[in-house]
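Under my numbering, the letters of the sequence shown match residues 5 to 188, in that order.
Scroll down for the structure; my scribbles are underneath it.
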Amino acid sequence: MVYFQQNGVRKISMSKLAKDLSISKTTIYNHFESREALLEAALSYKLAVIGEYESVLENITLSYTERYRKAMLFYCVQLFDVSSKLMNEIRVFYPSLWKMVLTFHKTTFLNLKNYYEIGIEIGAFKSEVNSILASLDDQQFFEMLGLQEVIQENEISVIAAFNHHFQMKFSGILEPKFSIKNVE
5 MVYFQQNGVR KISMSKLAKD LSISKTTIYN HFESREALLE AALSYKLAVI
55 GEYESVLENI TLSYTERYRK AMLFYCVQLF DVSSKLMNEI RVFYPSLWKM
105 VLTFHKTTFL NLKNYYEIGI EIGAFKSEVN SILASLDDQQ FFEMLGLQEV
155 IQENEISVIA AFNHHFQMKF SGILEPKFSI KNVE
């Protein structure tokens with residue numbers, strides 16, 4: 005996956021790929037019938053790695069907010085590692101692989117929605133929190149991370165971006181004296 009992240013997919017021939025990886029084209033074709041099959045294997049592997057966030061999100065030995073912080077920080081760091089150029093190529097030129105990405109996003113959305121619903125039930129979150137909107141807010145943040153050029157141009161690390169998102173989500177943006185309760 006790292007190779008594709010750095011070089012893209014469409015402009016790389018199997019000959020160049022074999023040369024760059026110091027293996028024969030025959031070796032590649034012995035394992036993968038096409039470039040798309042190779043990309044599918046790489047994408048499946050990367051999505052499985054990113055999907056490890058679930059085990060942390062469900063880890064009951066951590067506090068409820070710590071589960072979110074650790075799981076989503078891992079998710080964001082892994083997601084940021086995937087170039088927006090590569091994701092765009094997959095979206096445009098490999099629709100069947102793009103469906104894998106969309107399915108993964110939907111699963112993440114549902115996992116986070118469930119996390120918020122349970123958090124509301126156990127009293128970790130306010131009862132007026134809408135679990136769908138809270139999860140959609142996270143999805144928007146993940147999409148923002150896809151704008152890597154903007155983040156890098158402004159010298160914002162993925163960790164700093166996530167910490168900001170986490171603080172805004174769990175602490176808010178307003179100073180206490182300006183909170184809704186104090187506004188007439």
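Positions of the beta carbon are idealized from the N, C-alpha and C atoms, including for glycine.
Excluding sequence positions up to five before and after K29, its CB lies within less than 7 Å of the CB of M18, S19 and A22, all in the same chain and listed in chain order.
The continuous alpha helix (DSSP H) containing F113 extends over residues P99 to E125. Annotated as distal: L51 and F97, with beta-carbon spacing of 8 Å or more.
Boundaries of the alpha helix (DSSP H) around I155: Q152 to E157. In the three-state reduction of the DSSP assignment, V96 falls in the helix class. Pairing F174 with Q143 gives a Cβ-Cβ distance that is not under 8 Å. Nearest Cα to I124 within the set A41, Y68, N63 and F182: Y68.
Counting the other CB atoms within 10 Å of its CB gives V13 a total of 16 or more, which places it among the buried residues.
By alpha-carbon distance to M76, the top candidate from H169, L137, K89 and Y33 is H169. If you compare the alpha carbons of I184, M104, E62 and F84 with that of I155, the shortest gap goes to F84. In the three-state scheme derived from DSSP, where H, G and I count as helix and E and B as strand, D142 is classed as helix. Take the alpha-carbon of K15 and the one of E93: they are about 10 Å apart. Restricting attention to N118, C80 and S139, the CA atom closest to the CA of Q152 is found in C80. Judged by DSSP in its simplified three-state form, E147 adopts helix. Within 10 angstroms of the beta-carbon of F129 lie 16 or more other beta-carbons, which makes it buried.
Nearest C-alpha to M104 among L25, E40 and A165: E40. Across the structure, Y49 and R71 are spaced so that their CA atoms are roughly 23 Å apart.
Between N34 and R95, the alpha-carbon positions lie close to 27 Å from each other.
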